[in-house]
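Asker:
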Amino acid sequence: MDLATQQQTLLERRAELVGHLTEVEQQLDETPTKDMEDFSTERQGDEVLEALGQAELNEVRRIDAALSRIEQGTYGECLDCGEMISDARLSVLPDTALCKTCAAKNA
1 MDLATQQQTL LERRAELVGH LTEVEQQLDE TPTKDMEDFS TERQGDEVLE
51 ALGQAELNEV RRIDAALSRI EQGTYGECLD CGEMISDARL SVLPDTALCK
101 TCAAKNA
């Protein structure tokens, strides 16, 4: 596996997420409408944005952890069992910290 490629993939995804999180934050900071019906609709939209933002923030944290493992030289090692995570799994989930077996156990 090419660590430089994996690192670049992680950095690009992180930048994309941070950009979107900034947009979400700006939308949530907008002044709400005074109309109660519109306010209710906006509040529902805000709840969806907050949930999306939280999911994206969690992904940023996983990416940061993966980047740290690259720097430490432990990227690709399962945090539970210590076995190597398959290249196929890392190519699909570059921020994963668990091999397929341990991920299934923890699900």
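Numbering-wise (the UniProt record's numbering), the sequence shown opens with residue 1 and increments by one. Think of the CB as a built atom: it goes at the ideal place given N, C-alpha and C, for glycine as much as any other residue.
Mind checking whether residue 28 and residue 50 have CB atoms under 9 Å apart?
Answerer: Going by C-beta atoms, residue 28 is nearer than 9 Å to residue 50.
Asker: Note down the Cα distance separating residue 56 from residue 74, rounded to an integer number of angstroms.
Answerer: Those two C-alpha atoms are separated by around 24 Å.
Asker: Measure how close the beta-carbons of residue 6 and residue 98 come, nearest whole angstrom, since I'm counting them as under 8 Å.
Answerer: Their Cβ separation, rounded to whole angstroms, is 16 Å, which puts residue 6 and residue 98 out of contact at 8 Å.
Asker: For residue 25, name the three-state secondary structure that DSSP assigns.
Answerer: Residue 25: helix per DSSP, three-state reduction.
Asker: By the 10 Å Cβ neighbour count, where 16 or more other Cβ atoms means buried, how is residue 95 classified, buried or exposed?
Answerer: It is buried - the Cβ of residue 95 has at least 16 other Cβ atoms within 10 Å.
Asker: Could you check where the alpha helix (DSSP H) with residue 74 kicks off and where it finishes?
Answerer: Per DSSP, residue 74 belongs to no alpha helix (DSSP H) and is neither H nor E.
Asker: Do you know whose CA, among 4, 3, 53, lies nearest residue 22's CA?
Answerer: Nearest of 4, 3, 53 to residue 22, Cα basis: 53.
Asker: Just to confirm my understanding: we take residue 14, look at its own chain, exclude 5 residues before and 5 after, and list those with CB closer than 7 Å. What are they?
Answerer: So the qualifying residues of the chain are 60, 63.
Asker: If you follow the alpha helix (DSSP H) that residue 90 is part of, which residue opens it and which one closes it?
Answerer: It spans 87-92 - the alpha helix (DSSP H) in which residue 90 sits, taken as one unbroken run.
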